[in-house]
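For reference, the structure is listed below as structure tokens.
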Amino acid sequence: MRAVAVLTLVAGVAGALRLDDGARWQQDSIAAGHQAQIIARAESAALTLQQHELQQDAKARAAAEAKAAAARAAAVDREASRRGADRTVNFGPIPSSCKEFSGNRAIGCALVLSAGYDLTQMACLNKLWTRESGWNHKAENKSSGAYGIPQALPGTKMAKFGDDWRTNPATQIKWGLEYIKNRYKNPCGAWQQSEEEGWY
Numbered sequence: 023m024r025a026v027a028v029l030t031l032v033a034g035v036a037g038a039l040r041l042d043d044g045a046r047w048q049q050d051s052i053a054a055g056h057q058a059q060i061i062a063r064a065e066s067a068a069l070t071l072q073q074h075e076l077q078q079d080a081k082a083r084a085a086a087e088a089k090a091a092a093a094r095a096a097a098v099d100r101e102a103s104r105r106g107a108d109r110t111v112n113f114g115p116i117p118s119s120c121k122e123f124s125g126n127r128a129i130g131c132a133l134v135l136s137a138g139y140d141l142t143q144m145a146c147l148n149k150l151w152t153r154e155s156g157w158n159h160k161a162e163n164k165s166s167g168a169y170g171i172p173q174a175l176p177g178t179k180m181a182k183f184g185d186d187w188r189t190n191p192a193t194q195i196k197w198g199l200e201y202i203k204n205r206y207k208n209p210c211g212a213w214q215q216s217e218e219e220g221w222y
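So, in structure tokens, the structure goes:
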């Protein structure tokens, strides 16, 4: 009897130990699960922070590039003014929506709007003719003979809009806008062509 009691006691202790081990294993599993969740949350927060930093860096780079582009355009304007290329001619009123432009660009903006285009098209035209001539109505390509703001080839084509085509930026711009409309529909189409081929 005593032996049976001892065996029962030993079996009970062993069972209790097994139950205790099982409970400890279960607690360890739960703790590991919590720890995995904490690590996953921390990794997610770190990733979100990294994405935010990348977005901020991209915004800062874009702002710096825009500022540099504006500075380059201002330098081109100053150089054109220094050479007397961007002098104001007697041209009608410039719309208030064109106030960010001056000289030949302001005339161009007014003529773009009067041709039925919007300021988006003026943005494309500004890039196009800054590349072609710097908006210098006396710009001449010595090798090809292209002349003026739109770099008409030959320059005499612009006489369609006035005998003063050599000296009047408005005459040149009117011709250039008609040329663009006939070939590319609008200035942004001409700018796309220039970007793809290097000419328009």
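Residues in the sequence shown are numbered from 23 upward in steps of one, following the numbering used here.
Cβ atoms here follow ideal geometry from the backbone N, Cα and C, with glycine treated the same way.
- Item | Start and end residues, alpha helix (DSSP H) containing Pro-209 | Within the sequence shown, residue 209 is the residue found at index 187, counting from 1. Looking at the DSSP string, the run of the alpha helix (DSSP H) that includes Pro-209 is 209-219.
Would you check if there are 3 or more beta carbon pairs closer than 8 Å linking the segment 139-152 to the segment 207-217? yes
Contact set for Thr-193: own chain, Cβ-Cβ below 7 Å, skip 5 residues either direction:
In the sequence shown, the residue the question calls residue 193 occupies position 171. Contacts found: Met-180, Phe-183, Gly-184, Asp-186, Trp-187.
>> Distance check for Ser-124 and Ala-174, CA to CA, integer angstroms please.
In response: Against the sequence shown, residue 174 aligns to sequence position 152. Against the sequence shown, residue 124 aligns to sequence position 102. Using only the alpha carbons, I get a separation of about 22 Å.
Identified DSSP bridge partners for Tyr-169: Indexing the sequence shown from 1 puts residue 169 at position 147. Answer is Glu-162, Ala-174.
Next on the checklist: Rounded to the nearest angstrom, what separates Trp-197 and Gly-138 at their Cα positions?
Outcome noted: The residue you call residue 197 lines up with position 175 of the sequence shown. The residue you call residue 138 lines up with position 116 of the sequence shown. Each residue's alpha carbon lies about 15 Å from the other.
Exercise. Would you mind listing the alpha helix (DSSP H) stretches within the segment 111-162 that are 4+ residues and don't spill past its ends, in chain order?
Key: 125-136, 141-154
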